Amino acid sequence: MNRTSVARFQINIGIMSLQKNIMKPVRGKTLPLILDPDTDAAGLHGLAVKKMTDFNSDMDEGPYVLIYPDTSEVINIPGTSTPFNLREYKMEIGKTYNRIALFICLESDYDKGEQQDASDSDREVFVRRNRGTEVDLADTLPWEPEHESTPKSTAEKTRASYQSEKEEILISDTDDPNEGTSQSWRNTATSVPDTPSNMTAVRSTVNPLYSTYTQLYAPIAIDEDEDGSQDFNVVPISADPAKEAVDTSISAAHIIENLADAIDHNTVSRFNITRTNVWDGAVRGFRRSTFCEKSDLLVRFTDDAGSVEEGIDAGGPRREFLTLLMSFLQSRPIFEGPPQSRYLVYNAAAIREDEYFMAGKMIAVSIVHGGPGPHFLSRDLVNHIAGQPGFCAHVTDVTDDEIGRALSEIELAHSLKSLQDVLLKHSSMLQTAGCFRHVSSVEEKHTVVAEYLTWYTIGRNHSVIERFKDGLASLNFLDALCQHPSVLAPVLCHTDKRLTSVEVERLFLPQLSPAGSNRRTTETVALSFWADYLMDCEEQGPVSLEELFMFITGLKTEPPAGMTPHPCVTFSQETIYPMANTCANTITLPLLGTYASFKANMDFGIQNSPGFGCL
1 MNRTSVARFQ INIGIMSLQK NIMKPVRGKT LPLILDPDTD AAGLHGLAVK KMTDFNSDMD
61 EGPYVLIYPD TSEVINIPGT STPFNLREYK MEIGKTYNRI ALFICLESDY DKGEQQDASD
121 SDREVFVRRN RGTEVDLADT LPWEPEHEST PKSTAEKTRA SYQSEKEEIL ISDTDDPNEG
181 TSQSWRNTAT SVPDTPSNMT AVRSTVNPLY STYTQLYAPI AIDEDEDGSQ DFNVVPISAD
241 PAKEAVDTSI SAAHIIENLA DAIDHNTVSR FNITRTNVWD GAVRGFRRST FCEKSDLLVR
301 FTDDAGSVEE GIDAGGPRRE FLTLLMSFLQ SRPIFEGPPQ SRYLVYNAAA IREDEYFMAG
361 KMIAVSIVHG GPGPHFLSRD LVNHIAGQPG FCAHVTDVTD DEIGRALSEI ELAHSLKSLQ
421 DVLLKHSSML QTAGCFRHVS SVEEKHTVVA EYLTWYTIGR NHSVIERFKD GLASLNFLDA
481 LCQHPSVLAP VLCHTDKRLT SVEVERLFLP QLSPAGSNRR TTETVALSFW ADYLMDCEEQ
541 GPVSLEELFM FITGLKTEPP AGMTPHPCVT FSQETIYPMA NTCANTITLP LLGTYASFKA
601 NMDFGIQNSP GFGCL
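The sequence shown begins at 1 in our numbering and counts up one residue at a time.
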């Protein structure tokens with residue numbers, strides 16, 4: 001990874017709320033946040049609040065306070081009067097950046113805690129023995145699993161005070177509860193809006209026994225060089241420090257490469273597949289008790305007679321299998337809608353077979369193991385899964401003819417009276433979706449149709465969408481999708497971008513004989529034939545570019561994870577037909593005298609050689 005002059009590092013941001021008089025982290029709400037190491041408290045506060053509100057539509061309205069794991073406000077470095085700086089804080093606590101966890105909480109919760117502190121006359125710190133009625137200390141830990149995010153889960157609404165309870169779980173070896181701690185106060189004389197620019201002027205820090213607390217409950221730290229020797233924590237800084245660099249400085253291939261680190265290449269999950277019934281073989285393999293998505297996939301194709309193809313899976317058969325699997329998945333009855341914009345629908349038989357979970361897992365496994373994405377999911381469905389706003393479904397997406405006609409009638413209403421009449425006519429249908437209403441303007445027809453489409457594609461299928469998400473969570477793909485939606489969403493949705501002859505020619509590197517040799521002269525002629533043949537394929541000749549790419553690599557287009565090993569072109573005088581090694585992403589071209597014979601033999605070889613690409 002190329003180093004930049006300024007590096008950015010990933011920390012973790014969570015949410016705390018008052019639950020039964022105790023301040024606790026809200027589980028499942030931890031998100032990564034990438035920052036400049038010189039970020040101060042005000043800047044971190046603004047970025048943390050923005051990150052949480054962007055990814056959680058159920059966030060309560062602020063203002064919010066940035067706090068340490070011990071619930072003291074982030075203003076100074078704990079135990080000092082030095083203003084907070086991420087780099088100095090990291091050095092002070094002795095943790096790597098990716099092990100740092102900070103939280104935001106509602107200012108109202110923070111105020112309640114301080115008010116209770118002010119009214120509490122007993123300030124002793126003592127050890128509280130664990131009893132059934134007491135707080136489970138494990139629940140007070142701020143350290144959540146990295147990258148966990150549930151963008152649309154329901155927020156905790158119960159709020160109470162924490163400060164006095166907090167001191168009961170702190171352990172002191174001295175009689176003086178204030179020994180070794182920084183004494184601080186909160187300035188409440190002036191009321192100033194809680195903004196990143198003035199928050200440091202309003203509050204001080206309440207920070208009892210911070211070091212003891214973090215030593216007791218912090219995970220083991222891993223040594224890390226300040227220049228970012230752990231590459232996965234470093235992201236090139238963007239021009240706008242207030243803008244997240246995740247979606248602008250990282251590629252899908254890099255994200256998937258990190259996810260693929262979880263694959264154990266010393267173990268395999270086996271699949272026996274026939275091309276005439278890919279789905280059946282895939283289901284058997286995914287349901288096998290020995291299957292593990294973290295193992296390499298070993299795929300063997302059998303012909304109609306049941307004989308096994310000669311060849312060991314070094315990547316080619318796996319890629320071909322995953323390509324065929326994504327194609328078969330598109331036609332499964334769990335999906336409805338246009339071929340290029342499919343959404344999930346409830347199917348009782350699929351529920352019994354748990355097909356929604358399996359479909360999600362198949363997609364995650366395909367992408368992380370170097371195969372293609374589905375490229376047929378509805379953009380609205382993907383946005384919903386990733387916790388992103390925006391909904392743009394159309395009446396044409398509805399496959400039920402009767403419902404489609406009803407929605408079209410509503411859209412075509414030209415007056416308020418006609419709109420009211422058509423709404424009354426279809427009241428039963430609209431009441432089912434909860435969008436039957438009194439309208440006072442003809443323009444409200446668009447709102448009614450949009451609400452019904454939202455229910456039709458998302459609301460009524462909520463349970464199966466959640467099960468599908470459970471499958472997508474395999475290999476942490478769902479977490480990555482929620483963190484980088486603009487990067488990974490195109491992997492799931494249809495794209496109009498197609499292979500071009502120029503891209504394929506640049507992708508495949510020729511392996512030529514030494515310059516000046518007779519063989520080199522013959523190879524350069526074949527190379528010019530190859531370039532012309534690519535242009536003929538692009539112009540929709542007998543063989544398309546996608547078919548050619550499938551012949552060579554087992555894929556119809558370059559996968560999200562990139563091509564490994566790098567594709568290349570070789571030459572041979574021993575054959576008049578093309579030969580392909582899908583495991584090595586290599587095509588061997590025949591050395592022929594004329595372009596006409598070259599093109600004819602290429603077409604014949606590719607069209608009559610399914611599978612590995614060897615005639």
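In this text, a Cβ means the ideal position worked out from N, Cα and C, and glycines have one as well.
It should be emphasised that the depicted structure is a prediction, and the values quoted were computed from it without experimental measurement.
Practice problem: Just list the beta strand (DSSP E) runs in the stretch 579 to 613, keeping only unbroken ones of 3 residues or longer that don't cross its boundaries, in chain order. | Solution: 579 to 581, 586 to 590
Quiz item: Which partner residues does A101 have in the DSSP bridge list?
Solution: N12
Quiz item: First and last residue of the alpha helix (DSSP H) that includes F477?
Solution: 477 to 483
Self-check item: Three-state class that DSSP yields for K24 in the structure shown
Solution: strand
Quiz prompt | Own chain partners of T495 with C-beta closer than 7 angstroms, once the 5 adjacent residues on each side are dropped | solution = H375
Quiz item: Of the choices L416, G94, K417, E61, whose alpha-carbon is the least far from that of E107?
Solution: E61
Self-check item: 8 angstroms contact criterion, which I104 and M52 should meet: CB distance rounded
Solution: Contact holds; Cβ gap of about 6 angstroms.
Exercise. Measure the alpha-carbon distance for T4 versus L35 and round it to whole angstroms.
Key: At T4 the pLDDT is 39, less than 50, meaning the model places this residue with poor confidence and gives no usable figure here.
Quiz item: Do three or more CB pairs link the stretch 345 to 363 to the stretch 318 to 331 at distances below 8 angstroms?
Solution: yes
Quiz prompt | Beta-carbon proximity list for I312, same chain, < 7 angstroms, skipping 5 on both sides | solution = Low confidence applies to I312: its pLDDT is 49, below 50, so where it sits in the model is not reliable, and the reading given next is rough at best. If we look at I312 and ignore the five residues flanking it on each side, it has no Cβ neighbours.
Quiz item: So I552 is in the alpha helix (DSSP H); what residue range does that whole segment cover?
Solution: 545 to 553
Quiz item: If we ignore side chains and look at the alpha-carbon of each, how far apart do Q607 and S544 end up?
Solution: 10 angstroms
Quiz item: Buried or exposed: S474, going by 16 or more other Cβ atoms within 10 Å of its Cβ?
Solution: buried
Quiz item: Grouping DSSP H, G and I as helix and E and B as strand, with all else coil, what is Q19?
Solution: strand
Self-check item: V345 versus H394: straight-line alpha-carbon distance, rounded
Solution: Per the coordinates, the alpha-carbon of V345 lies some 16 angstroms from the alpha-carbon of H394.
Quiz item: How about the stretch 388 to 402 and the stretch 418 to 427: do they share at least three Cβ pairs that are nearer than 8 angstroms?
Solution: no
Quiz item: How big is the Cα-Cα spacing for S572 and T522?
Solution: 10 angstroms
Practice problem: Determine which residues share a DSSP beta bridge with S295 and list them. | Solution: D264
Self-check item: Nearest-angstrom Cα separation, counted from P63 out to E88
Solution: 26 angstroms
Quiz prompt | A584 vs P565 beta-carbon contact at 9 angstroms | solution = yes
Quiz item: So, helix, strand or coil for S378, using DSSP?
Solution: Note: S378 maps to coil in three-state DSSP.
Exercise. Report yes if the CB atom of A480 is closer than 9 angstroms to the CB atom of S501, and no otherwise.
Key: no
Quiz item: Taking the C-alpha atoms as reference points, what is the distance between V439 and K445?
Solution: If I take the Cα positions, the gap works out to 8 angstroms.
Quiz item: Does the Cβ of A282 have 16 or more other Cβ atoms within 10 Å, making it buried, or fewer, making it exposed?
Solution: buried
Exercise. Would you kindly report the start and end of the unbroken beta strand (DSSP E) that includes Y64?
Key: 64 to 67 is the extent of the beta strand (DSSP E) around Y64.
Practice problem: Using beta-carbon positions only, say whether F477 and I367 come within less than 9 angstroms of one another. | Solution: yes
Practice problem: Would you please state the rounded distance, in angstroms, between the beta carbons of L472 and R319? I believe it to be under 8 angstroms. | Solution: With 8 angstroms as the limit, L472 and R319 do not qualify as a contact, their Cβ atoms being about 20 angstroms apart.
Quiz item: What are the residues that DSSP puts in a beta bridge with E73?
Solution: I67
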